[in-house]
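J.: Quick note, the sequences are listed as chains V and A, same order.
What the first sequence shows, in our numbering, is residues 1161 to 1497, in sequence order.
What the second sequence shows, in our numbering, is residues 1161 to 1497, in sequence order.
Even glycine gets a Cβ: it sits at the ideal position worked out from N, Cα and C.
Input: one structure, supplied below.
There are 2 protein chains.
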Amino acid sequence: MPSKLFVSAQEVAERAGVSRSAVSRTFTPGASVSADTRRRVLEAAEALGYHVNHLARGLMRNESGIVCLIVSDVATPYRSALLRELTIQLQNAGKVAMFVNTDRSDGSVDRALQQAIRYRADASIILSGLPDKSITQLCLRSGQRLVLINRDDDQPGPLKINLDDYESGGRIATAFVRAGCKTLAFANSEAGTPSLMGRERGFIAAATKLGLEVVVERYGSTGYEAGRVLAQRMLTRAERPDGVFCATDLLACGFMDAARHQFGLSIPDQLCVAGFDDIEQASWSSFNLTTFAQPVMAIATQAVKWLATGGHEDEPEGAHSVRLKAELIWRGSIRKG
Amino acid sequence: MPSKLFVSAQEVAERAGVSRSAVSRTFTPGASVSADTRRRVLEAAEALGYHVNHLARGLMRNESGIVCLIVSDVATPYRSALLRELTIQLQNAGKVAMFVNTDRSDGSVDRALQQAIRYRADASIILSGLPDKSITQLCLRSGQRLVLINRDDDQPGPLKINLDDYESGGRIATAFVRAGCKTLAFANSEAGTPSLMGRERGFIAAATKLGLEVVVERYGSTGYEAGRVLAQRMLTRAERPDGVFCATDLLACGFMDAARHQFGLSIPDQLCVAGFDDIEQASWSSFNLTTFAQPVMAIATQAVKWLATGGHEDEPEGAHSVRLKAELIWRGSIRKG
DNA sequence: GTCGCGCTTGCAAGCGCGTGCAAAGCGAAC
DNA sequence: GTTCGCTTTGCACGCGCTTGCAAGCGCGAC
Chain V
1161 MPSKLFVSAQ EVAERAGVSR SAVSRTFTPG ASVSADTRRR VLEAAEALGY
1211 HVNHLARGLM RNESGIVCLI VSDVATPYRS ALLRELTIQL QNAGKVAMFV
1261 NTDRSDGSVD RALQQAIRYR ADASIILSGL PDKSITQLCL RSGQRLVLIN
1311 RDDDQPGPLK INLDDYESGG RIATAFVRAG CKTLAFANSE AGTPSLMGRE
1361 RGFIAAATKL GLEVVVERYG STGYEAGRVL AQRMLTRAER PDGVFCATDL
1411 LACGFMDAAR HQFGLSIPDQ LCVAGFDDIE QASWSSFNLT TFAQPVMAIA
1461 TQAVKWLATG GHEDEPEGAH SVRLKAELIW RGSIRKG
Chain A
1161 MPSKLFVSAQ EVAERAGVSR SAVSRTFTPG ASVSADTRRR VLEAAEALGY
1211 HVNHLARGLM RNESGIVCLI VSDVATPYRS ALLRELTIQL QNAGKVAMFV
1261 NTDRSDGSVD RALQQAIRYR ADASIILSGL PDKSITQLCL RSGQRLVLIN
1311 RDDDQPGPLK INLDDYESGG RIATAFVRAG CKTLAFANSE AGTPSLMGRE
1361 RGFIAAATKL GLEVVVERYG STGYEAGRVL AQRMLTRAER PDGVFCATDL
1411 LACGFMDAAR HQFGLSIPDQ LCVAGFDDIE QASWSSFNLT TFAQPVMAIA
1461 TQAVKWLATG GHEDEPEGAH SVRLKAELIW RGSIRKG
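Structure below.
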């Protein structure tokens, strides 16, 4: 099957009339090669279609240039947006992204991390789930860096990037009160991740401080369908809420669609809604959703920067954790105060 | 920095009291190892946290297990759905996905393919753009398989997966006529890819055959905003179209939103709309869009199957090209005939 | 006891590359 | 002409792994 193999540095060396090390050095930034040999090597390489074998290089340098992205639900707007930003910035930093899909099953993330280890990835970025402690230990012992995004794990070593979910919950509660809402509600999924729960707790805390109670309902995933179901449940209550904070934009979209088309409610006149993530659909005029923007770019920048600098072990403990601010994007789903 | 390295087969061999080859064979399916040594090796490996180095294995076997996915606009619903399916199926086939983002710039795809070559990927799957002929030649010469999805290139060698775009255009034209539409229109982007143009040509051909003219307007990308602009242009015409086929669902979403919220039109009573892709949003009740479903699963299956079988060179030429059918999903954006 | 067969196992070569080390080349200073 | 210092170059080793080959082993048949 492998009829013609790839061309090796040896062949380039022969064609250029130099030694193999000269070829190697030509493609190693900072190595000592005269301008003349470099030119001859490059010509030969071009003619033969030579490309450095990064598998072999990774073997020698003990640094593969691979960064493993571990994600579930890639097809989701927020996830794919973050993925996009991460891969672009990784590419700019000279790394290449390896992509591993996870599902909800036990050990799924662990298997993904093992894949990363097998390919000697320089680092892994985890966007979903949480790996077993023994695996992360293995990664760190092996010299592999780890980044946890919105995962809120407490073990030392990995870089942890989180948002101010709790504070955001508070800010939006205030906005609802200003808009004159009397009955608040929080629509959450059953996933129970720290970010979702943070938003919930912050929202409830601020609302009670402002003298209002919050009805909380949790159901299903963080997707559109779950939002519809939550609307079903909440809008048939005796005391119908008139200000609903949905834990994600997708939930909010489902919620709004059900509220309008099934319950005939007008937004924001009869019902105020807010979401979280600022996915593209939130800006569509069918939704025009007031929401918090995930600082996707900043998240990616932080992650890549930490990887590029090698993530020094000796830096203060606090530096392993970053908290970013989610910006409130005002649109039309909440009445003006 | 690399304080503790990864554990190697040598160390496992020493701990298990066997030779290094025995370790290697234990992790090579089909190799000859006695049950006893296998057990001892596995125990030692477990204790030490050993994982086969796939860089080194790839070097020997001349088969890295890496498949490179080359995509632009990952954050788009259709693209991310396809990406998801591909990665899942690749994982199930024992491969791992390497992800390279491209942009609109010249040579972007070529650079991506070079990355694939550097990592000695077993194959590359191209979802966006079209590489230079010289690069694809290099890939094929190097023994790297190539899959082009919806790209419609004519050079031999790569597997080409396409849809029946032309026929789909025809089918939807008939549907519009049955719904009693009098003035048809096609809303396209300026991208001009073969798939988009195929839909356009098929739609026009069928419509003229049915005795109707088609207004064609092209603008911008294939996204939501372009759809709004297209609506702006088309719905202000003297002869306003009452049946519009949008080249993609995102265009359709933008078009519908503008038609409703800006022009106060009711869909499907005053205006029938159809799209293409069947992204998740098409099923949302705000849109309830009649559209063609990309056979995402079938596309991925075909691609992975071809890679798994090694894509024999000696098979008949026709086998290098696959045409799949886009299923028409009936929803509520076209009146019943 | 001997032979032959089949299964295991270790040896050693080599995949393509980076890099330390020493030799070579070269120019300037004496 | 000799010496010194710097840059360039080739050699050879090793990264962690697979695999052909031949030796080792156990066992039944003769």
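Taking only beta-carbon atoms, is residue 1210(A) less than 7 Å away from chain V?
T.: Taking the first residue of the second sequence as 1, we reach residue 1210(A) at position 50. No, no contact with chain V.
J.: With a cut-off of 8 Å on the beta carbons, I'd call residue 1428(A) and residue 1359(A) a contact; round off their distance for me.
T.: The residue you call residue 1428(A) lines up with position 268 of the second sequence. The residue you call residue 1359(A) lines up with position 199 of the second sequence. So it is not a contact: roughly 20 Å between Cβ atoms.
J.: Grouping DSSP H, G and I as helix and E and B as strand, with all else coil, what is residue 1400(V)?
T.: What you label residue 1400(V) is simply residue 240 of the first sequence in a count that begins at 1. Note: residue 1400(V) maps to coil in three-state DSSP.
J.: I need the straight-line Cα distance from residue 1165(A) to residue 1326(A), nearest angstrom please.
T.: As a position in the second sequence, residue 1165(A) is number 5, starting the count at 1. As a position in the second sequence, residue 1326(A) is number 166, starting the count at 1. If I take the Cα positions, the gap works out to 56 Å.
J.: Is it true that the stretch 1287 to 1295 of chain A meets the stretch 1226 to 1235 of chain A, where meeting means three or more beta-carbon pairs spaced less than 8 Å apart?
T.: Output reads yes: the stretch 1226 to 1235 of chain A touches the stretch 1287 to 1295 of chain A.
J.: Residue 1311(V) to residue 1459(V), Cα distance in whole Å?
T.: Here the question's residue 1311(V) lines up with position 151 in the first sequence. Here the question's residue 1459(V) lines up with position 299 in the first sequence. So the alpha carbons of these two residues sit roughly 13 Å apart.
J.: Tell me the residue span of the alpha helix (DSSP H) that contains residue 1252(V).
T.: By one-based count along the first sequence, residue 1252(V) stands at place 92. Unbroken alpha helix (DSSP H) run through residue 1252(V): 1237 to 1252.
J.: If I measure Cβ to Cβ from residue 1313(V) and keep anything under 7 Å in the same chain, skipping five residues before and after, which residues do I get?
T.: Numbered from its first residue, the first sequence carries residue 1313(V) at position 153. Once the five neighbours on either side are set aside, the close Cβ partners of residue 1313(V) are 1290 and 1320.
J.: Taking 7 Å as the CB-CB cut-off, is residue 1248(V) touching chain A?
T.: As a first step, residue 1248(V) is located in the first sequence; it is residue number 88 there, counting from the start. Yes, its Cβ sits closer than 7 Å to a Cβ of chain A.
J.: Let's test the definition: count the other Cβ atoms within 10 Å of the Cβ of residue 1483(A) and tell me whether it reaches 16, buried, or not, exposed.
T.: As a position in the second sequence, residue 1483(A) is number 323, starting the count at 1. Under this definition residue 1483(A) is an exposed residue.
J.: For residue 1162(A), count neighbouring C-beta atoms within 10 Å of its own C-beta (all shown protein chains included) and say buried if the count is 16 or more, exposed if not.
T.: The residue given as residue 1162(A) occupies position 2 in the second sequence. Unreliable placement is indicated for residue 1162(A), whose pLDDT of 41 sits below 50; no coordinate value is reported for it.
J.: Ignoring anything shorter than 3 residues or poking outside the stretch 1350 to 1397 of chain V, list the beta strand (DSSP E) runs there in chain order.
T.: Whole beta strand (DSSP E) segments, 3+ residues: 1374 to 1378.
J.: For residue 1151(A), which beta-bridge partners are listed by DSSP?
T.: Here chain A covers residues 1161 to 1497 and nothing more, so residue 1151(A) does not appear.
J.: So what does DSSP say about residue 1446(V), is it helix, strand or coil?
T.: Counted from its first residue, the first sequence places residue 1446(V) at position 286. Residue state, collapsed to three classes: coil.
J.: Count the other C-beta atoms from every protein chain shown that fall within 10 angstroms of the C-beta of residue 1245(A), then say buried if there are 16 or more, exposed otherwise.
T.: Within the second sequence, residue 1245(A) is the residue found at index 85, counting from 1. By the neighbour-count rule (16 or more Cβ atoms within 10 Å), residue 1245(A) is buried.
J.: By Cβ distance below 8 Å, which residues in the same chain neighbour residue 1350(V) in space, the five residues on each side in sequence not counted?
T.: In the first sequence, counting from the first residue as 1, residue 1350(V) sits at position 190. 1378, 1379, 1380 and 1381, listed in sequence order.
J.: Do you know whose CA, among 1451(A), 1385(A), 1416(A) and 1343(A), lies nearest residue 1399(A)'s CA?
T.: Your numbering for residue 1399(A) matches position 239 in the second sequence. Taking only the C-alpha atoms, the option nearest residue 1399(A) is 1343(A).
J.: Helix, strand or coil for residue 1327(A) per DSSP?
T.: Walking along the second sequence from the start, residue 1327(A) turns up at place 167. It is helical.
J.: Restricting to Cα atoms, I'd like to know which of 1352(A), 1187(A), 1322(A) and 1301(A) is closest to residue 1283(A).
T.: By one-based count along the second sequence, residue 1283(A) stands at place 123. Taking only the C-alpha atoms, the option nearest residue 1283(A) is 1301(A).
J.: Below 7 Å between beta carbons: does that hold for residue 1404(V) and residue 1345(V)?
T.: The residue you call residue 1404(V) lines up with position 244 of the first sequence. The residue you call residue 1345(V) lines up with position 185 of the first sequence. Contact: yes.
J.: May I have the straight-line CA-CA distance separating residue 1210(A) from residue 1363(A), to the nearest angstrom?
T.: Translated into positions along the second sequence, residue 1210(A) becomes position 50. Translated into positions along the second sequence, residue 1363(A) becomes position 203. Straight-line Cα distance between these residues: approximately 59 Å.
J.: I'd like the span of the alpha helix (DSSP H) that includes residue 1184(V), first residue to last.
T.: In the first sequence, the residue the question calls residue 1184(V) occupies position 24. Residues 1180 to 1186.
J.: Could you spell out the range, first to last residue, of the beta strand (DSSP E) harbouring residue 1299(V)?
T.: Translated into positions along the first sequence, residue 1299(V) becomes position 139. Unbroken run through residue 1299(V) is the alpha helix (DSSP H), 1293 to 1301; no beta strand (DSSP E).
J.: With a cut-off of 8 Å, do at least 3 Cβ pairs link the stretch 1256 to 1268 of chain A to the stretch 1264 to 1272 of chain V?
T.: No: the two stretches stay apart, fewer than three of their Cβ pairs being nearer than 8 Å.
J.: Is residue 1273(V) helix, strand or coil by DSSP?
T.: Within the first sequence, numbered from 1, the residue matching residue 1273(V) stands at position 113. If DSSP states are grouped into helix, strand and coil, residue 1273(V) belongs with the helices.
J.: 7 Å is my cut-off, CB to CB: does residue 1407(A) come that close to chain V?
T.: On the second sequence, position 247 is the one that residue 1407(A) refers to. No, residue 1407(A) does not count as interfacial toward chain V.
J.: If the cut is a Cβ gap below 8 Å, which residues of chain A does residue 1282(V) touch?
T.: For this step, residue 1282(V) is matched to residue 122 along the first sequence. Here the premise fails: no neighbours, minimum Cβ distance about 10 Å.
J.: Do residue 1241(V) and residue 1204(V) have their C-beta atoms closer together than 7 Å?
T.: Position 81 of the first sequence, counted from the start, is the residue given in the question as residue 1241(V). Position 44 of the first sequence, counted from the start, is the residue given in the question as residue 1204(V). No, Cβ-Cβ distance for residue 1241(V) and residue 1204(V) is not below 7 Å.
J.: To the nearest angstrom, report how far apart residue 1439(A) and residue 1448(A) are at their CA atoms.
T.: The count along the second sequence starts at 1 and reaches residue 1439(A) at position 279. The count along the second sequence starts at 1 and reaches residue 1448(A) at position 288. Those two C-alpha atoms are separated by around 11 Å.
J.: In whole angstroms, what separates the C-alpha of residue 1330(A) from that of residue 1441(A)?
T.: Reading the second sequence from its first residue, position 170 is the one you call residue 1330(A). Reading the second sequence from its first residue, position 281 is the one you call residue 1441(A). The straight-line gap from Cα to Cα measures roughly 24 Å.
J.: What are the start and end residues of the beta strand (DSSP E) that includes residue 1489(V)?
T.: One-based indexing of the first sequence puts residue 1489(V) at position 329. Where residue 1489(V) is concerned, the enclosing beta strand (DSSP E) stretches over 1487 to 1489.
J.: Compare the Cα-Cα distances from residue 1370(V) to each of 1243(V), 1397(V) and 1341(V) and report the closest residue.
T.: For the purposes of this step, residue 1370(V) is taken as residue 210 along the first sequence, with counting starting at 1. Checking every option, the nearest Cα to that of residue 1370(V) belongs to 1341(V).
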